[in-house]
Amino acid sequence: MKIGEIAKLSGVSTRTIDYYTVSGLLRSERSDTNYRLYPASSMQTLQRIQLLKKQRMSISEIKEVLNTTEHAETEFLVEEVYEEFECLQRKITSLEEQLKDAPSSVKLHVSKALEHQLAAITALIALL
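Numbering follows UniProt numbering, with no gaps: position 75 of the sequence shown is 75.
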């Protein structure tokens, strides 16, 4: 496929596709008339790139993931953890709003109740 075709099908601009190609994220070959031709697998690669970008990975990190087959097995887990993190972030924001106007005694009680959970969260983050 030519760059315009893959852009239209994927919803990614030709400029972005060109950037991904120059960065080594997408592979292309040149036709006899010097057009860049992308294999059909480029559509899947673009989808993976978009998913990894949502996870705030840098271009170099995305390139590493795309070039390492062992990461393909863990991408589902990474996506699941990321979605769960977003859900938790929304809940935290909601709870912050509820606690904003709460009396100091309630805030202190909540703080003490969370001490144990914070240690568990810290241990989990240390594993990452």
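Ideal Cβ positions, reconstructed from N, Cα and C, are used throughout, including at glycine.
Open item on the list: Taking its Cβ as the centre, do 16 or more other Cβ atoms sit within 10 Å of Tyr38, making it buried, or is it exposed?
Closed with: Walking along the sequence shown from the start, residue 38 turns up at place 38. Buried, since its Cβ has 16 or more Cβ neighbours within 10 Å.
Open item on the list: Between Leu88, Ile62, Asn34, which has its C-alpha nearest Leu46's C-alpha?
Closed with: For the purposes of this step, residue 46 is taken as residue 46 along the sequence shown, with counting starting at 1. Ranked by Cα distance from Leu46, the first of Leu88, Ile62, Asn34 is Ile62.
Task: Same chain, Cβ closer than 8 Å to Ile59, neighbours up to 5 away in sequence not counted - done: Position 59 of the sequence shown, counting from 1, holds the residue named residue 59. The residues are Ser23, Leu25.
- [ ] Report the rounded CA-to-CA distance for Phe85 versus Ile92, giving the unit in angstroms.
- [x] Position 85 of the sequence shown, counting from 1, holds the residue named residue 85. Position 92 of the sequence shown, counting from 1, holds the residue named residue 92. Looking at the backbone, the Cα of Phe85 and that of Ile92 are separated by about 10 Å.
Open item on the list: Measuring straight from C-alpha to C-alpha, what distance separates Met43 and Leu66?
Closed with: Start at 1 with the first residue of the sequence shown, and residue 43 comes out as number 43. Start at 1 with the first residue of the sequence shown, and residue 66 comes out as number 66. Across the structure, Met43 and Leu66 are spaced so that their CA atoms are roughly 13 Å apart.
- [ ] For my contact list, Asp18 and Ile3 are in at a C-beta cut-off of 8 Å; report their separation, rounded to the angstrom.
- [x] Locating residue 18 in the sequence shown gives position 18, counting from the first residue. Locating residue 3 in the sequence shown gives position 3, counting from the first residue. Sure, about 7 Å apart at Cβ, within 8 Å.
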